[in-house]
Amino acid sequence: MKKSLILLCAALTAACAGGPQDGPTLSGLNRSDFQSEADGKKTDLFVLKNDNGMEVCVTNFGGRIVSVMVPGRDGVMRDVVLGFDKVADYQTIPSDFGATIGRYANRIAQGRITLDGTEYQLPQNNYGHCLHGGPRGFQYRVFDAVQKSDRELELTYASKDGEEGFPGNFECRVTMTLTDDNAIDIRYAAETDKTTVVNMTNHSYFNLDGDPAKDNSEWLLTVNADSYTPVDSTFMTTGEIAPVEGTPMDFRTPTPVGERIDRDFEQLRNGHGIDHNWVLNTRGDIAEACASLESPATGIRLDVYTTEPGIQVYCGNFLDGSVKGKKGAVYGFRSAVCLETQKYPDTPNKPEWPSAVLRPGEKYESRCIYKFSVGE
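Residue numbers (the numbering used here): 3 to 378.
Here you go:
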């Protein structure tokens with residue numbers, strides 16, 4: 003009897019500590035569809051829940067947020083991120099849906115960096131540039147995962163010296179915490195044994211209607227920035243920091259995406275729409291929102307906070323209906339908005355911009371908060 007009681011208590015303790023969920027999630031995902039293997043490591047699905055009933059599902063394949071269930075104005079729970087409902091699709095269909103991006107998010111010109119007098123050649127996987135850490139960046143790697151509680155998941159990954167051309171044995175940790183005020187608090191930390199560059203972010207595709215059949219044209223976008231970094235026709239930053247004043251890039255007040263995105267403006271032509279980095283006024287103040295997105299239809303609002311100097315806003319310009327995601331939904335043109343907090347693109351080649359260099363003995367830290375609420 004005593005032994006049975008001890009075993010029962012142990013089981014209850016394990017359950018309370020959190021862990022992968024076996025039954026269908028609120029978003030309709032099945033854990034078994036994420037239990038596989040890649041690079042000799044096991045993949046799985048992890049579920050975070052808070053007292054409000056909000057649910058966030060994460061797979062350790064690519065450190066990806068798979069689903070986010072939040073209530074709308076009508077109280078109905080909706081899944082507000084794009085993704086797939088089995089890990090095999092993440093493994094075989096090229097995408098950044100929900101991914102943890104590293105070592106370097108965004109683009110590095112011609113895939114070249116010079117550190118301490120040594121030049122390194124990185125993959126050139128996007129218009130001749132290195133994009134999102136190369137074709138096998140962190141979004142295609144398996145993280146080690148420890149679910150610390152119902153609300154907290156810790157993901158770790160050790161990137162070897164020379165992986166995708168980047169120098170240094172690089173160890174990173176991503177901690178995702180779901181808070182009771184409906185926020186996903188993401189903390190990044192990393193160290194290296196050789197001078198390298200680092201710029202990590204999350205690449206969730208947000209659809210605040212909870213309906214991929216609807217595009218982003220009516221969503222209200224706010225970006226707390228007086229300037230942005232223009233790009234050329236290959237999406238590479240020119241080195242200029244330009245004012246948003248008097249341009250379609252001015253989102254300092256809530257503005258429907260569709261009101262600006264198709265204007266006759268060179269930068270919108272270069273980016274095939276909005277796919278740009280803004281220079282944030284928040285200057286690393288985590289207490290001040292750097293960007294907001296709101297759906298008038300559902301009332302769901304997303305506020306973003308960060309310690310980073312910039313945010314890349316991408317409006318799904320390359321989604322073309324060729325990819326089917328969760329529950330067979332077709333992901334059409336501009337059916338999402340990505341809000342990627344980060345260093346400016348190509349910072350390693352633009353020394354006047356905030357540095358992305360990490361040296362031995364230093365610790366990289368970054369933080370991003372995605373906070374959901376219902377607008378007035």
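Cβ atoms here follow ideal geometry from the backbone N, Cα and C, with glycine treated the same way. No experiment lies behind these values; they were computed from the predicted model shown.
On the three-state DSSP scale, how would you describe Glu193?
As a first step, residue 193 is located in the sequence shown; it is residue number 191 there, counting from the start. It is a strand residue.
Classify Ile186 as buried or exposed, calling it buried when 16 or more other Cβ atoms lie within 10 Å of its own Cβ.
Numbered from its first residue, the sequence shown carries residue 186 at position 184. Buried.
Helix, strand or coil at Leu155 according to DSSP, with G and I counted as helix
Indexing the sequence shown from 1 puts residue 155 at position 153. Strand, per DSSP.
Rounded to whole angstroms, what is the Cα-Cα separation between Leu411 and Tyr316?
With the chain running from 3 to 378 in the structure shown, residue 411 is simply not present.
Between the Cα of Asp81 and those of Asp98, Gly65, Leu223 and Glu57, spot the shortest distance and give me the residue it belongs to.
Along the sequence shown, one-based indexing puts residue 81 at 79. For Asp81, the closest C-alpha among the options Asp98, Gly65, Leu223 and Glu57 is that of Glu57.
Could you tell me if His205 is buried or exposed, where buried requires 16 or more neighbouring beta carbons within 10 angstroms of its beta carbon?
Walking along the sequence shown from the start, residue 205 turns up at place 203. Buried, because 16 or more other Cβ atoms sit within 10 Å of the Cβ of His205.
Does the Cβ of Ile95 have 16 or more other Cβ atoms within 10 Å, making it buried, or fewer, making it exposed?
Taking the sequence shown and counting its residues from 1, the one referred to as residue 95 is at position 93. Ile95 should be labelled exposed.
Whole-angstrom Cβ separation of Val144 and Lys43, contact assumed at under 8 Å?
Taking the sequence shown and counting its residues from 1, one reaches residue 144 at position 142. Taking the sequence shown and counting its residues from 1, one reaches residue 43 at position 41. About 4 Å separates the CB atoms of Val144 and Lys43; that is less than 8 Å, so the two are in contact.
Given a threshold of 16 other Cβ atoms within 10 Å of its Cβ, counted over all protein chains shown, does Pro214 qualify as buried or as exposed?
Here residue 214 corresponds to residue number 212 of the sequence shown, with the count starting at 1. The residue is buried, with at least 16 neighbouring Cβ atoms inside 10 Å.
Between the alpha carbons of Pro356 and Pro347, how many angstroms are there, rounded?
Position 354 of the sequence shown holds residue 356. Position 345 of the sequence shown holds residue 347. So the two alpha carbons sit approximately 10 Å from each other.
Hey, Asn272 and Val233: beta-carbon distance below 8 Å or not?
Translated into positions along the sequence shown, residue 272 becomes position 270. Translated into positions along the sequence shown, residue 233 becomes position 231. Cβ atoms of Asn272 and Val233: closer than 8 Å.
What does the alpha-carbon distance come out to for the pair Glu290 and Thr343?
The count along the sequence shown starts at 1 and reaches residue 290 at position 288. The count along the sequence shown starts at 1 and reaches residue 343 at position 341. C-alpha separation (whole angstroms): 13 Å.
CA-CA distance, Phe36 and Thr194?
The residue you call residue 36 lines up with position 34 of the sequence shown. The residue you call residue 194 lines up with position 192 of the sequence shown. Taking the straight line joining both Cα atoms gives about 30 Å.
I'd like to know whether the C-beta atoms of Gly167 and Gly136 end up nearer to each other than 8 Å.
Here residue 167 refers to the residue found at position 165 of the sequence shown. Here residue 136 refers to the residue found at position 134 of the sequence shown. Result yes, Cβ atoms of Gly167 and Gly136 sit closer than 8 Å.
Would you kindly report the start and end of the unbroken alpha helix (DSSP H) that includes Val89?
Mapped onto the sequence shown, residue 89 falls at position 87. First-last of the alpha helix (DSSP H) with Val89: Val89 to Thr94.
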